[in-house]
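Some notes on the structure that comes next.
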Amino acid sequence: MLEGDPEVEITGIAYDSRRVSPGDLFVAVHGLHVDGHHYVGDAVAKGAAAIALERRVEVPKGVSVLRMPSTRIGLAELSAEFYGRPSRRLKLAGVTGTDGKTTVTHMAEHVLQASGVVAGAMSTVAFKVSGREVDNVSGQTTTEAPDVQAWLARMVEAGAACAVIEATSHALVQERVRACDFDIAAFTNVGHDHLDYHATWEEYLEAKARLIDLTARAADKGVEKTAVLNRDDPSYEHLARRPIPRRWTYGMTTASDLHPLDLAITGSGSRFRMKTPLGETDVTLNVPARFNIYNALCAAGVCLALGVAVEDVGRGLAGFEGVRGRLEPVDLGQDFRVYIDFAHAAGSLASALAELRPFTRERLIVVFGSTARSDHDRPGMGRAAAEFSDFFIITTDDPLSEDPSEIARDVQAGAEGKAPGLDFEVVIDRRAAIRRAIEIARPGDTVLLAGKGHERSMRTARGSEPWDERAEAEAAIRERLAVS
Ligand SMILES: Nc1ncnc2c1ncn2[C@@H]1O[C@H](COP(=O)(O)OP(=O)(O)O)[C@@H](O)[C@H]1O
Ligand SMILES: [Mg+2]
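As structure tokens, this is what we get:
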């Protein structure tokens with residue numbers, strides 16, 4: 001319902017009153033922490049030409065008002081319109097799941113580009129348009145709808161024929177990718193290791209399943225609407241019931257449409273022959289860990305469904321060098337391995353260590369800390385390090401206003417039976433902790449630097465300071481190489 005001038009000219013769309021420019025349409029949405037309806041006055045003061053609302057709020061005279069049942073849906077649809085429905089002008093794949101979304105997104109984007117398709121991608125780590133990359137510093141994996149649409153529009157402008165975007169369940173619930181016309185819905189896994197409440201897992205799964213529904217009813221662009229599903233995951237039965245014209249499954253067994261044959265795990269990755277619904281191809285993966293075989297199968301399904309030839313998929317995967325901060329090797333010729341990983345919770349820390357174990361001849365050393373966010377199981381992280389590594393260094397990771405030493409004590413509490421000095425150390429200064437780990441590493445050891453991954457800042461009581469885990473690791477290795 002519209003009140004006021006229906007011909008009002010809109011120059012932009014804003015959902016954050018602090019970022020309203022004169023002439024913008026301000027859409028009041030219920031965020032995680034704030035409700036935009038409380039900031040209508042501020043938005044008008046900053047020059048908003050029109051306001052979209054789902055609740056009754058007083059709006060000064062002379063400002064056009066759009067009332068709608070859901071401003072979240074409104075924000076998505078209005079943004080898509082504002083930017084000219086960019087997702088109808090390229091083929092679009094969405095990637096969701098608990099783990100591996102970012103990796104699959106960038107793998108698929110890499111394969112597309114490598115096979116000559118101009119492509120775009122949006123993930124936790126970066127926005128990419130035609131091979132050019134911009135860091136994602138928004139703090140959100142899937143940004144709000146206007147940003148999603150703006151990026152898609154930029155991709156179209158740059159001539160992109162395809163785009164791959166990472167969609168968290170949060171984003172799906174909040175309708176951030178609602179006005180995206182998907183062609184492919186890809187799923188990694190839907191873990192429920194730490195969910196004791198079945199209903200919660202079902203709800204979580206339901207949120208993710210919406211990606212299939214969005215895809216099935218999206219505008220037709222001549223690509224058969226396809227769901228790419230992990231057959232080996234407990235989510236499979238549930239997801240396979242969602243109606244969609246085509247379903248491709250991937251997994252380790254021949255029951256899946258895409259699966260590996262003659263799989264060989266190598267020192268730095270794997271090699272296999274990949275069976276697909278469209279033929280076979282040889283694949284060499286230069287990224288470690290078994291889960292990356294799953295990620296590669298998933299990305300292959302996405303690319304095949306988007307029209308890439310099967311041989312090009314094989315060739316493209318071989319050239320994929322991993323995602324920044326995801327088991328990212330740091331190799332300056334030293335005689336021990338160093339990896340950077342984003343794992344910053346007990347479960348992901350345990351699985352990153354478990355993945356590195358088979359590639360480690362001697363000791364597995366890990367540097368990590370717990371963040372200020374209270375939803376992280378600090379003793380659990382200590383337990384994971386104690387169980388899966390041979391030596392660990394507890395350090396600092398985004399403590400915000402909390403005392404890093406106290407956080408470290410909470411972590412240490414989980415490392416029962418482990419002796420300080422012998423089995424682990426606490427080195428609060430992260431730079432010093434990284435240097436310490438590199439200093440004690442011996443030939444054949446693996447050092448995992450966990451938690452910061454691709455992030456570019458360290459958030460402390462003093463505010464946000466620049467941080468570059470790779471630069472720190474390289475500096476430490478260079479120092480070590482210089483003295484030995
Ligand atoms: N398919 C997978 N299954 C389980 N764990 C994975 C998988 N892919 C990646 N991981 C782990 O999760 C971490 C995050 O990977 P990422 O691709 O960033 O996933 P997401 O974007 O879903 O958080 C990786 O560093 C790795 O330790
Ligand atoms: Mg991600």
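Numbering-wise (this note's numbering), the sequence shown opens with residue 1 and increments by one. Cβ atoms here follow ideal geometry from the backbone N, Cα and C, with glycine treated the same way.
Cβ-Cβ distances below 6 Å link K46 to V20 in the same chain, with the five nearest sequence neighbours on each side left out; the list follows chain order. Segment contact: the region 108-119 against the region 128-135, three or more CB-CB distances shorter than 8 Å; contact assigned. For F342, there is no enclosing beta strand (DSSP E), as DSSP marks it with neither H nor E. Shortest gap from the CB of L327 to any heavy atom of ligand 1: under 7 Å.
If you check the CB distance, E3 and A49 do not come in under 8 Å.
DSSP places W151 in the uninterrupted alpha helix (DSSP H) bounded by 145-157. In the DSSP assignment, W248 forms a beta bridge with V228. Our two residues, A408 and G463, have alpha carbons roughly 20 Å apart in a direct line.
For the pair R231 and G251, the CB atoms are nearer than the 8 Å cut-off. At the C-beta level, A14 and L53 stay beyond 8 Å of one another. With distances taken between CA atoms, T226 lies nearest to L306 out of L306, V148, L172. Shown here, M274 sits in a strand according to DSSP, grouped into three states. Shown in chain order are the residues whose CB sits closer than 5 Å to a heavy atom of ligand 2: K101, T102, T124, T141.
Excluding residues up to 5 positions away in sequence, A476 lie with their Cβ nearer than 6 Å to the Cβ of R435 in the same chain. In the structure shown, G41 adopts helical secondary structure according to DSSP, grouped into three states. For W467, the closest of A441, Q412, T396, S484 by C-alpha to C-alpha distance is T396. At least one heavy atom of ligand 1 is found less than 7 Å from the C-beta of F291. Judged by their CB atoms, P60 and V44 are nearer to each other than the 8 Å cut-off. For P379, the enclosing alpha helix (DSSP H) stretches over residues 378-388.
Taking non-hydrogen atoms of ligand 1 into account, the C-beta of V323 is found less than 7 Å away from one of them.
Using a Cβ distance threshold of 8 Å, R242 and D213 count as a contacting pair. When DSSP assignments are scanned along the region 305-372, the uninterrupted stretches of beta strand (DSSP E) that are 3 or more residues long and fall wholly within it turn out to be 337-341, 364-368.
Remark: fewer than three beta-carbon pairs, one from each stretch, lie closer than 8 Å, so the region 441-452 and the region 301-320 are not flagged as touching.
In this structure, the CA atom of A437 is about 15 Å from the CA atom of P329.
Per DSSP, G62 lies in no beta strand (DSSP E) segment and is marked neither H nor E. Annotation: the continuous beta strand (DSSP E) that includes A93 extends over 91-96. For the 8 Å CB-CB criterion, R176 and V148 form a contact.
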